[in-house]
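Position one of the sequence shown corresponds to residue 12 (my numbering), numbered consecutively onward.
C-beta atoms are modelled at their ideal positions from N, C-alpha and C, and glycine is treated no differently.
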Amino acid sequence: MNSTYTGWLLIPTDTGVDLAPGWVRVINGIITEVNTAGFAERVEFGDDSTLILPGLIDCHLHIPQFPVIGAGGLPLLTWLAQVVFPEEAKWADADYAEAVADLAATRLLSVGTVAISAFATVHAEATQRAINVMGRRGLRGFVGQSLMDRECPPELARPAMQLLREAAKLEQCSGIYPIITPRFAISCSPELLHGAGALARKLGQPVQTHLAETRPELERIAELFGDEPYTAIYDRFGLLGPRSLLAHCIYLSPEEQAIINRSGSVAAHCPTANTFLQSGLMNKGAMEQAAVRLALGSDIGGGYERSMVRVARAMVETARIVALESGDAEAVPSAAQAWRMITRGNAEALGLADAGRIEPGVRADLVIARPDPEAFTSPDPLGFLLHAWDDRWITATLLQGDIAHGQIPE
Ligand SMILES: [Zn+2]
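Below, the structure is given as structure tokens:
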């Protein structure tokens, strides 16, 4: 298989992205050549109104929650009880879980998402099926069994030892790997948190969890754990490190930010979920000043947006609102920084060295789009593409050079 695509190439760099006319050659699923000296002729697809960008990456989402996107809009703990837990309980039926995971894969690929870090449910068989479906559909990244042994409906709670035994047996499928997934410290006993940290070290697996999403959550944490700061709890149980993804991180003291910085953990910012559940606004500038590594997640279904482009736009909007208060307009990310975040930035957060890039040697996981042509004559093409983004522009999503969504006209 040898194909060449031409168009405006959105190429992530160390600090942002470049947009340049050029072409990419793909041989056997790998990008072998990238040229930015102008559009090419006689290619498989593309012209001067085509956009070619790396497949997008979503660092935090919940596969079982695709069927309940947009439901409720309640505060976190009420929304979990009324909307999420009843839906996740349905994953006791592994066939149902597999169907939902397949639907989720279809939806993700349709908006250009090619790699994920995702929660499944507390059910071991359903989690394995979700890993298998995502792997077979060609996505990459991580899917974890959601660990809960308290503070949830009885049909979703499991003894800690059972959960740890089950999580240890999960197997990789193609590019999807298991990840240790304590849901959050409210729903995990100290025994389960301790076991999860030990299991991550023993198996060499990454960790994902939630941290400091809402104020009522912090109050419950204080009731359960006393004065110990939320972040310090995860640290004590060995759950922090360069391969740990911490979703939300809205309400953190400078001391907690310093713990995260020292551990090298990544804070997964989820701006659409934070407004939908009225959780709060993360101060991205303050996190950057504390030198905390940041990634971006849709947090489906607390987040209602499947498109990572619109999640990135929400990140910019949230930063603007925060800047109204702080007066620190410098903290608002540029469109180039937003594009980098959902491509190479999120790939680095997931430890995927050959994702989120357009360069020789990386996998040809690409999105090919036909934006409104004025995007390319705009004084700020990257800003236009980010803010006016429309999924109908997507012609195809390619995984290893093969069409996984859409079609390339002959
Ligand atoms: Zn979440």
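Rounded distance between the beta-carbons of L114 and F77, thought under 8 Å: By 1-based counting over the sequence shown, the position of residue 77 is 66. By 1-based counting over the sequence shown, the position of residue 114 is 103. Going by Cβ atoms, the distance from F77 to L114 rounds to 6 Å, so yes, they are a contact pair.
What does DSSP give as the partner residues of G124 in its beta bridges? Mapped onto the sequence shown, residue 124 falls at position 113. The question names Gly, but residue 124 is Thr in the sequence shown. T124 pairs with L67.
Proximity test, H280 beta-carbon vs ligand 1 heavy atom, cut-off 7 Å: As a working note, residue 280 is residue 269 in the sequence shown. Not one heavy atom of ligand 1 sits closer than 7 Å to the Cβ of H280.
Which residues neighbour ligand 1 when neighbourhood means a C-beta less than 6 Å away from any of its non-hydrogen atoms? List them by chain order. Answer in sequence order: H71, H73, H221, A258, D310, G313.
Tell me, to the nearest whole angstrom, how far the beta carbon of V133 is from that of M159; I am working on the premise that it is less than 8 Å. Your numbering for residue 133 matches position 122 in the sequence shown. Your numbering for residue 159 matches position 148 in the sequence shown. Sure, about 5 Å apart at Cβ, within 8 Å.
Using a threshold of 8 Å, state whether the C-beta atoms of Q93 and G155 are closer than that. The count along the sequence shown starts at 1 and reaches residue 93 at position 82. The count along the sequence shown starts at 1 and reaches residue 155 at position 144. Not closer than 8 Å, so no.
Those runs of the beta strand (DSSP E) which lie wholly inside the stretch 116-179 and span at least 3 residues: 124-130, 151-155
Is it the case that the Cβ atoms of A306 and G367 are separated by a distance below 8 Å? Taking the first residue of the sequence shown as position 1, residue 306 is located at position 295. Taking the first residue of the sequence shown as position 1, residue 367 is located at position 356. No.
Would you please state the rounded distance, in angstroms, between the beta carbons of L67 and V378? I believe it to be under 8 Å. Numbered from 1 along the sequence shown, position 56 holds the residue referred to as residue 67. Numbered from 1 along the sequence shown, position 367 holds the residue referred to as residue 378. The pair is a contact, with the Cβ atoms about 7 Å apart (cut-off 8 Å).
Relative to the C-alpha of G149, which candidate in A131, L175, I353, Q183 has its C-alpha closest? By one-based count along the sequence shown, residue 149 stands at place 138. Considering only alpha carbons, the answer is Q183.
Residue environment, E234, which counts as buried when at least 16 other CB atoms sit within 10 Å: Sequence index remark: in the sequence shown, residue 234 carries index 223 (1-based). With fewer than 16 Cβ atoms within 10 Å of its Cβ, E234 is classed as exposed.
What is the rounded straight-line gap between the Cα of S389 and the Cα of C281? Translated into positions along the sequence shown, residue 389 becomes position 378. Translated into positions along the sequence shown, residue 281 becomes position 270. The C-alpha of C281 is placed about 29 Å away from the C-alpha of S389.
Counterpart residues of S14 in DSSP-defined beta bridges: Numbered from its first residue, the sequence shown carries residue 14 at position 3. Answer is V37.
For G2, which residues from the same chain have a beta carbon less than 6 Å from its beta carbon, with the 5 sequence-adjacent residues on both sides left out? Residue 2 is absent from the structure shown; the chain starts at 12 and stops at 421.
Count the other CB atoms, across all protein chains shown, that sit within 10 Å of the CB of L72; report buried if there are 16 or more and exposed otherwise. Translated into positions along the sequence shown, residue 72 becomes position 61. Classification of L72: buried, given that the 10 Å Cβ count is 16 or more.
Identify, in the order they occur along the chain, each residue of the same chain with its Cβ nearer than 6 Å to the Cβ of L88, setting aside the five sequence neighbours on each side. The count along the sequence shown starts at 1 and reaches residue 88 at position 77. Counting only Cβ-Cβ distances below 6 Å, and skipping sequence neighbours, we find P227.
Measure the C-alpha to C-alpha separation of L251 and P189 and round it to an integer number of angstroms. Within the sequence shown, residue 251 is the residue found at index 240, counting from 1. Within the sequence shown, residue 189 is the residue found at index 178, counting from 1. Rounded to the nearest whole angstrom, the C-alpha separation of L251 and P189 is 17 Å.
Three-state secondary structure (DSSP) at F248? In the sequence shown, counting from the first residue as 1, residue 248 sits at position 237. F248: coil per DSSP, three-state reduction.
Is it right to say M12 is buried, meaning 16 or more other beta carbons lie within 10 angstroms of its own, or is it exposed? Residue numbering aside, residue 12 sits at position 1 when the sequence shown is read from its first letter. That one is exposed.
Exposure of G312, with buried meaning 16 or more beta-carbon neighbours within 10 Å: On the sequence shown, residue 312 is found 301 positions in, with the first residue counted as 1. Burial call: buried.
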